[in-house]
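A.B. asks: This is the structure I have questions about; it appears just below.
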Amino acid sequence: EAQVTQNPRYLITVTGKKLTVTCSQNMNHEYMSWYRQDPGLGLRQIYYSMNVEVTDKGDVPEGYKVSRKEKRNFPLILESPSPNQTSLYFCASSVEGVDQPQHFGDGTRLSIL
Amino acid sequence: GNSVTQMEGPVTLSEEAFLTINCTYTATGYPSLFWYVQYPGEGLQLLLKATKAVDKGSNKGFEATYRKETTSFHLEKGSVQVSDSAVYFCALKPSGYNKLIFGAGTRLAVHP
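In the order they appear, the protein sequences are chains A and B.
The opening residue of the first sequence carries number 1 in my numbering; numbering runs sequentially from there.
The opening residue of the second sequence carries number 1001 in my numbering; numbering runs sequentially from there.
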């Protein structure tokens, strides 16, 4: 089954404790991206990757890191999480860019205390 | 800058009612426009898109027309069903960029 898989689905943690949210797709997609969803603000792009080893900042990259060492994986890293990063996070992928349908994961709800 | 403005929800309708969700945008050049839908507990799914002025996107009974003169991309459906209850997001891809700018989303609740 074609899918984008995020882990964990839920996480409660404390300020400053490094965490990684994994994202994996099995569709051989070139393009992957991360969004955060906050009430009243919709989805805002954090980072995106056009293909392996190529990443670029979205609209809200501060406090986040990403890497794209393999085509299928695109982890989101919070080196020192803070409460303002409490949010619902989505990973998405597509064949080669945003003109194609984005396939979204089911989301990861992070709570930073 | 680039932005998307959607009508605030929630929108509450009876089954078989007519639906309109307004979306207007600000962008330079010729953006592509999209509607995505998010069902409870799931990620977003592409509903329809339009890539140039006067284009009409359609899918599952939903339609939206790219109107450059009014910078709008309103979503319509002639007869909604309970299963259409979801959050609907309007989005644009700025010309020359490979990213999406989303609106805040509009929650639709359809009751029998």
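Glycine residues also receive a C-beta, built at the ideal position from the N, C-alpha and C atoms.
If you're wondering where the values come from, they're calculated on a predicted model, not measured in any experiment.
#1: Going by beta carbon distance, what residues of the same chain come within less than 6 Å of Arg109/A, once the five residues before and after it are set aside?
#2: Within the present structure, is the beta-carbon of Leu1013/B separated from the nearest heavy atom of the ligand HEM by less than 6 Å?
#3: Give the C-beta separation of Tyr1053/B and Phe1073/B to the nearest angstrom, bearing in mind that I take them to be a contact with Cβ-Cβ under 8 Å.
#4: At the 7 Å Cβ level, is Leu1047/B part of the contact set with chain A, yes or no?
#5: Measuring alpha carbon to alpha carbon, tell me which residue in Pro1010/B, Phe1089/B, Tyr1066/B is nearest Arg44/A.
#6: For the stretch 1023-1054 of chain B, list every residue whose C-beta sits within 9 Å of some C-beta in chain A, in sequence order.
#7: Our contact map puts Leu1092/B next to Ile1101/B with C-beta atoms below 8 Å; I'd like the distance itself, whole angstroms only.
#8: Going by DSSP, which residues form a beta bridge with Lys1056/B?
#9: What residues match up with Phe1089/B in a beta bridge as DSSP calls it?
#10: Tell me the residue span of the beta strand (DSSP E) that contains Asp106/A.
#11: Given that Tyr48/A touches chain B, what residues does it touch there, using C-beta distances under 9 Å?
#12: Please confirm if Val98/A has its CB atom under 7 Å from at least one CB of chain B.
#13: List the residues of chain A whose Cβ lies closer than 9 Å to the Cβ of Ala1093/B, in chain order.
C.D. replies: To lay it out plainly:
#1: The residues are Tyr10, Leu88.
#2: Judged by which ligands are present, the structure shown has none, so any question about the ligand HEM falls away.
#3: At residue 1053/B the sequence reads Ala, which differs from the Tyr that was named. Separation of the CB atoms of Ala1053/B and Phe1073/B is rounded to 11 Å, and the pair is thereby denied contact status at 8 Å.
#4: Chain A contact via Cβ: absent.
#5: Out of Pro1010/B, Phe1089/B, Tyr1066/B, Phe1089/B has the C-alpha closest to the C-alpha of Arg44/A.
#6: Listed in sequence order: Ser1032, Phe1034, Tyr1036, Gln1038, Gly1041, Glu1042, Gly1043, Leu1044, Gln1045, Leu1046, Lys1049, Thr1051.
#7: Yes, they are in contact, since the Cβ atoms of Leu1092/B and Ile1101/B sit about 5 Å apart, within 8 Å.
#8: Beta-bridge pairing links Lys1056/B to Thr1065/B.
#9: DSSP, once it has assigned bridges, lists Tyr1036/B as partnering Phe1089/B.
#10: Unbroken run through Asp106/A: none, as it is neither H nor E.
#11: Close to Tyr48/A, with beta-carbon spacing below 9 Å, are these residues of chain B in chain order: Asn1098, Lys1099.
#12: So yes, Val98/A belongs to the interface.
#13: For the sequence presented, residue 1093/B should be read as Lys rather than Ala. Within chain A, the C-beta atoms nearer than 9 Å to that of Lys1093/B come from Gly97, Val98, Asp99, in chain order.
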